[in-house]
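**Q**
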Amino acid sequence: KNEVEQSPQNLTAQEGEFITINCSYSVGISALHWLQQHPGGGIVSLFMLSSGKKKHGRLIATINIQEKHSSLHITASHPRDSAVYICAVEKTSYDKVIFGPGTSLSVIP
Amino acid sequence: EPEVTQTPSHQVTQMGQEVILRCVPISNHLYFYWYRQILGQKVEFLVSFYNNEISEKSEIFDDQFSVERPDGSNFTLKIRSTKLEDSAMYFCASRGTGVGYTFGSGTRLTVV
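First to last, the protein sequences are chains A and P.
Residues in the first sequence are numbered from 15 upward in steps of one, following the numbering used here.
Residues in the second sequence are numbered from 35 upward in steps of one, following the numbering used here.
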C-alpha cells in the first residue's frame with residue numbers, strides 16, 4: 015500500500031466548477047505540501063500545512079491530522095488551473111518527502 | 035521572485051558515462067534537495083542536504099550518486115557510470131526555515 019494516496023487520479027471539470035482533490039496518508043508527518051506540476055514539467059509549491067486551513071486566492075487547503083487526510087479545493091476553476099496536483103508528506107522536518115501519485119486536472123472552457 | 039536555477043535543461047549521455055547536474059539554490063536558503071521523476075511516474079526523493087552534509091538519502095541514492103556544494107552557491111548531483119534506467123527529470127529544490135519548497139525547472143537526463 016502506498017504511504018500517500020490521492021483521489022481522484024484524473025479529473026475533468028467545466029470552467030467555473032468547484033474542485034476538490036483529496037490526499038490520505040498512513041505515516042506520521044511533520045508537514046504536508048500541495049504542489050502543482052505544469053504540463054511543461056515545472057513544479058510550484060502551493061501550500062505547506064501542519065494543521066488547519068490555508069487560503070491563497072482561489073485555492074484552499076485543509077488538513078485533518080487525526081484522520082491523516084488533506085484536501086485541496088479550487089473555487090471558480092479556470093482552464094489555466096489545468097495541471098497535475100501533487101500531495102507530498104514530510105515525515106521528519108526538512109528531510110525525506112514522500113510524494114503522492116498526483117491528480118491530473120483538466121478544466122474545459 | 036527568487037529562483038532556483040538548474041543547468042543544463044537537457045542532457046544526453048552515453049551509458050557508462052558520468053554526468054554532473056548543477057543547481058543554484060536561493061541564496062538565503064539552508065536546505066537543499068534532489069528529486070527525480072521518471073517519465074509517467076511520480077516524483078521521488080533522492081537526497082536532502084543541510085549544513086554541508088547529507089541529512090537523509092533514499093534507497094535510490096546508492097554509491098552511484100553523490101552531491102556536493104563546492105563553492106557555497108552551487109549544489110551538484112553527480113551520477114557515475116550512468117545506466118539506461120537513470121533517464122529521468124531531475125529536480126533541485128531549496129527551502130528556507132518555515133517555508134515551502136522552491137523547485138528548479140529541472141534537468142531532463144537521457145541515457146542512451
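Even for Gly, the Cβ is constructed at its ideal location relative to N, Cα and C.
On a predicted model such as this, the values are computed, not experimentally measured, just so you know.
How far does the beta strand (DSSP E) with Q51 of chain A in it extend, from its first residue to its last?
**A** Counting along the chain, the beta strand (DSSP E) containing Q51 of chain A begins and ends at A45 to Q51.
**Q** Kindly list the residues whose CB is nearer than 8 Å to the CB of P104 of chain P, restricted to its own chain and excluding five residues on each side of it in sequence; keep chain order.
**A** Cβ within range, chain order: T110.
**Q** Could you name the residues of chain A that V77 of chain P contacts, counting a contact when the two beta carbons are closer than 7 Å?
**A** I100 and F113
**Q** Ends of the beta strand (DSSP E) at R94 of chain A?
**A** Taken as a continuous stretch (DSSP letters only), R94 of chain A belongs to no beta strand (DSSP E), as it is neither H nor E.
**Q** Within the continuous beta strand (DSSP E) that includes V53 of chain P, where are the two ends?
**A** Boundaries of the beta strand (DSSP E) harbouring V53 of chain P: V53 to V58, taken from the DSSP string.
**Q** Quick one, which of A:M62, A:Q51 and A:S91 has its alpha-carbon nearest E29 of chain A's?
**A** Nearest of A:M62, A:Q51 and A:S91 to E29 of chain A, Cα basis: A:S91.
**Q** Using a Cβ-Cβ cutoff of less than 6 Å, which residues in the same chain neighbour V111 of chain A once the five nearest sequence positions on both sides are dropped?
**A** A102 and E104
**Q** According to the neighbour-count rule (16 or more other Cβ atoms, all chains shown, within 10 Å of its Cβ), is E78 of chain P buried or exposed?
**A** buried
**Q** Which one of A:G54, A:P53 and A:S85 has the shortest CA to CA distance from K68 of chain A?
**A** A:S85
**Q** Note down the Cα distance separating P53 of chain A from Y99 of chain A, rounded to an integer number of angstroms.
**A** 11 Å
**Q** Please confirm whether E90 of chain P has its beta-carbon closer than 8 Å to some beta-carbon of chain A.
**A** yes
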